[in-house]
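Residues in the sequence shown are numbered from 470 upward in steps of one, following my numbering.
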Amino acid sequence: MARITILPDILCNQIAAGEVVERPAAVAKELLENSIDAGARRISLSIADGGRKEIRVVDNGSGMHPDDALLALERHATSKIRSIEDLQAIGSLGFRGEALPSIAAVSRFELVTREPDAVAGTFIRVEGGVVREVRETGSPAGTRITVRDLFYNVPARRKFLRAADTETAYICDQFQRLAMAHHAVHFQLINRERTQYDFPGAASPEERAGQVLGAETLKRAIPFCVENASARLRGMVGTPDLQRANSHSLFVFVNGRPVWDRAVNRAILAAFESLIPRGKFPVAVLFLELDPLHVDVNVHPTKREVRFKHPGGVIDTVRGAIRDALCHLRPLHGSAAAAPRPFSETADQRAFRDSLVREGQLSFDRGRPLSRPPGFPSERWRERHRPDAEPPYPLLREPAPTENPRREAGSPPAAPADSLFDEGAAPQPDNPDTDFFAEPKRAAGGPASTHAPVTVDTAAFADAFQAFEAATHLHAGDVPALAELPVIGQLANTYILLEAPDGLILIDQHAAHERIIFDALSFPAGGPARQRLIRPAVIDLPPRDAAMLRRWLPLLEEIGVEIESFGGDSFVVHAVPAPLGECPPEGLVRELLASAIEGDDAPRWNVLGRLAKTAACHRAVRAGQRLRPEEIRLLLEGLDRTRFASTCPHGRPVWYKMTLSDVARLFQRT
């Protein structure tokens, strides 16, 4: 057996670099975080060849004393913490003192820095972890770090890097996330000597999100904010039709730190579960601020992941806040949204409604007036959601298993704008060409960037941000009255055609009815209306199914199935949801049990949604089913009163609108 030896420092640094410096994007991230921690108001990132040839970060932050600049290149040397107590309450982005020595160990590294009150700056050059040169130099206040030939001395790592465009994409992702997390800082990204992104300091996180994601995305964003004495969650989500093919559109920030938390991401997707198709992802930007003692950021080498002290409370709040924000989303038809009118029905409609309830096809409760339909906000709900009401979100409390996760999602006014950066001192006379923020000039014949520079169209952005702020005034009462639009007829006994003031609306009758039933099962306070059985049904199940059913009895109760143990592996059903009143109780229970078992490892709200989704799909009117005019009208009135009328529970569209302009283009009349 070989003898145990202590590894040399250079090899230790290269091993540490393998954890911290995964690729050029990790270098850019660590350097940008150092600039932010230094209080910089302007940060410029320049890259060449996807970061393999060069990465340069320039800031106008506090700079470093010459002694500190040398000490920063030693492992575990940091100004961020002094004791274990500091580590437990860390507020800065960096704190381990590993980044700079790890980067310098696998590159040709240069550091130029000057404190604001210093006469001269400090220049340090390092190659492969060995300091080659230290001298005074002229420089503006702040720091400039240049990393060249990354992994030049570790060929095994260098050969595993991807193509330059791929590595550039990783760098851009890190750059955008840090820019969104720190909205008051002016960020600039220069790629191949051309400006690719330029984000001036913004007045609020939402404004910066609009700069990064674009004005069109901001127009289709829904804001939300919940807050209590110890934590705050704010952000915005895109409308369900704003879908992406991957999860790169999920932006989560905890205390100003971009993180990737699987549980939080699952909560975001759960909030959209019945609004977008499986395999698609929404656009979401979340800013969570909480006591540093309640979050552990020291659980991942690159600080990419965090661990919450009370994960259940945070995750439940994320899902509830987004879900409440989406409740304000209504299908606008080009005209002013009309408030829902009180439900009144003719004798024919009443007879039809009674027959559908008996057949388990519509989700109306005959035992209460329909001026406030199932799932629509009650007066108690409205009172609890007044802007000045006490926020009901216990963010840091572990929720009880049966706690309802839906909560308030108001939005406070935007934070005041921070002042823009100060250009800082001019270059020293002995080095007049070291203007850190000078716009680069491309050499004659040099390669041009394949990326168009991103500039902020201030006029378009102002309009988009006004539209975004106006979204905070949307109210759940602003419901368009589909039932008041003229009905043209049915197409293929599947699609209902309506004449809108400015076009044509097509509605998928199965998807619409599915949404009505799903909302009736999922959202009414106290659960959906129940239909009691004249003769309770006794069900005998195999031992395995009986054991599973005992576990899911509370969930079945929440969607309106009143069932209890009857001894051994037998159960007795006393009531079923009114929309499913004609279903054989045994078949209904077995079907819902199978759906619950399929989602066995999911959170309770996922399983509950799966149960309601299964029930709604099997009881909705079918494609190809002929509907009478009064049946169509009743279906439209039910759709008017749903919370999420844009999609069916599986995420498919319920309606599609063709404007008159769209029709004119078909006939080349534009």
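Cβ coordinates follow ideal geometry from the N, Cα and C atoms, glycine included.
Here the structure is a predicted model, which is why all the values come from computation and not from measurement.
Would DSSP call residue i helix, strand or coil?
{"i": "Asp760", "result": "coil"}
{"i": "Gly1107", "result": "helix"}
{"i": "Ile1101", "result": "helix"}
{"i": "Asn660", "result": "strand"}
{"i": "Lys498", "result": "helix"}
{"i": "Lys1126", "result": "strand"}
{"i": "Val752", "result": "coil"}
{"i": "Glu491", "result": "coil"}
{"i": "Asp793", "result": "helix"}
{"i": "Leu542", "result": "coil"}
{"i": "Arg689", "result": "coil"}
{"i": "Arg631", "result": "coil"}
{"i": "Gln959", "result": "strand"}
{"i": "Gly972", "result": "strand"}
{"i": "Gln665", "result": "strand"}
{"i": "Ser1034", "result": "strand"}
{"i": "Ile475", "result": "coil"}
{"i": "Gln643", "result": "helix"}
{"i": "Ile745", "result": "coil"}
{"i": "Ala1133", "result": "helix"}
{"i": "Ile1028", "result": "coil"}
Give me whichever residues DSSP pairs with residue i in a beta bridge.
{"i": "Ile614", "result": "Val526, Leu580"}
{"i": "Glu596", "result": "Arg577, Val599"}
{"i": "Asp765", "result": "Arg776"}
{"i": "Thr591", "result": "Thr582, Glu605"}
{"i": "Gln978", "result": "None, per the DSSP bridge assignment."}
{"i": "Val1090", "result": "DSSP lists no partner for Val1090."}
{"i": "Ile1008", "result": "Phe1040"}
{"i": "Ala672", "result": "Ala672 pairs with nothing; no bridge assigned."}
{"i": "Tyr964", "result": "Leu960, Asp977"}
{"i": "Thr1116", "result": "Pro1122"}
So is residue i buried or exposed if we call it buried at 16+ other beta carbons inside 10 Å?
{"i": "Phe750", "result": "buried"}
{"i": "Asn660", "result": "buried"}
{"i": "Thr635", "result": "exposed"}
{"i": "Ala961", "result": "exposed"}
{"i": "Ser1130", "result": "exposed"}
{"i": "Pro970", "result": "exposed"}
{"i": "Val1132", "result": "exposed"}
{"i": "Ile505", "result": "buried"}
{"i": "Glu968", "result": "exposed"}
{"i": "Ala632", "result": "exposed"}
{"i": "Gln717", "result": "It should be pointed out that residue 717 corresponds to His in this sequence rather than to Gln. It counts as exposed."}
{"i": "Phe720", "result": "buried"}
{"i": "Tyr964", "result": "buried"}
{"i": "Phe1136", "result": "exposed"}
{"i": "Ala698", "result": "exposed"}
{"i": "Arg792", "result": "buried"}
{"i": "Pro1046", "result": "buried"}
{"i": "Ala1016", "result": "exposed"}
{"i": "Arg472", "result": "exposed"}
Please find out if some non-hydrogen atom of the ligand ATP comes closer than 7 Å to the beta-carbon of residue i.
{"i": "Val588", "result": "Of the ligands one can find in the structure shown there are none, so the ligand ATP has no counterpart to examine."}
Note down, in chain order, each residue of its chain lying with its Cβ closer than 6 Å to the Cβ of residue i, except the 5 sequence neighbours on either side.
{"i": "Phe741", "result": "Pro751"}
{"i": "Glu605", "result": "Ala589"}
{"i": "Ala509", "result": "Asp528, Asn529, Gly530"}
{"i": "Arg601", "result": "Arg594"}
{"i": "Asp1151", "result": "Since the first and last residues shown for the chain are 470 and 1139, residue 1151 lies out of range."}
{"i": "Gln712", "result": "Ile745, Lys749"}
For residue i, I'd like the list of residues in its chain whose CB is within less than 7 Å of its CB, leaving aside the five on either flank, ordered along the chain.
{"i": "His979", "result": "Ala1089, Val1090, Arg1091, Ala1092"}
{"i": "Ala648", "result": "Phe656, Phe668, Arg677, Val681"}
{"i": "Ile784", "result": "Ala732, Val733, Ala736"}
{"i": "Ile1101", "result": "Val956, Ile965"}
{"i": "Leu1018", "result": "Leu1010, Phe1040, Leu1062"}
Looking only at its own chain, which residues have a Cβ that is under 8 Å from the Cβ of residue i, when we skip the five neighbours before and after it?
{"i": "Asn715", "result": "Phe750"}
{"i": "Ala538", "result": "Leu580, Thr582, Thr591, Ile593"}
{"i": "Ala497", "result": "Leu514, Ile516, Gly520, Ile524, Val526, Ile640, Gln643, Phe644"}
{"i": "Cys1086", "result": "Glu983, Pro1118, His1119"}
For a cutoff of 8 Å on Cβ pairs, would you count residue i as touching chain C?
{"i": "Met649", "result": "Of the chains in the structure shown, none is chain C; there is only one protein chain."}
Worksheet item: Using 8 Å as the threshold, is the region 743–757 in touch with the region 695–710, meaning 3 or more CB pairs across them?
Response: Under the three-pair Cβ rule at 8 Å, the region 743–757 counts as touching the region 695–710.
Practice prompt. Indicate whether the contact test is met: 3 or more Cβ pairs, each with one atom in the region 953–969 and one in the region 1053–1061, closer than 8 Å.
Written response: No: fewer than three Cβ pairs fall under 8 Å.
Fill in: Stretch pair the region 609–628 + the region 723–740: three plus CB contacts closer than 8 Å
Too few Cβ pairs lie closer than 8 Å, so no.
Discussion item. Whether or not the region 595–607 and the region 504–519 are in contact is what I'm after, with contact meaning three or more pairs of Cβ atoms, one per stretch, closer than 8 Å; do they touch?
Written reply: Not touching, per the Cβ criterion.
Worksheet entry | Stretch pair the region 522–540 + the region 596–616: three plus CB contacts closer than 8 Å | Per the Cβ contact rule, the region 522–540 is in contact with the region 596–616 (3 or more Cβ pairs under 8 Å).
Fill in: Contact between the region 1095–1115 and the region 1000–1012 (3+ Cβ pairs under 8 Å)
Touching, no.
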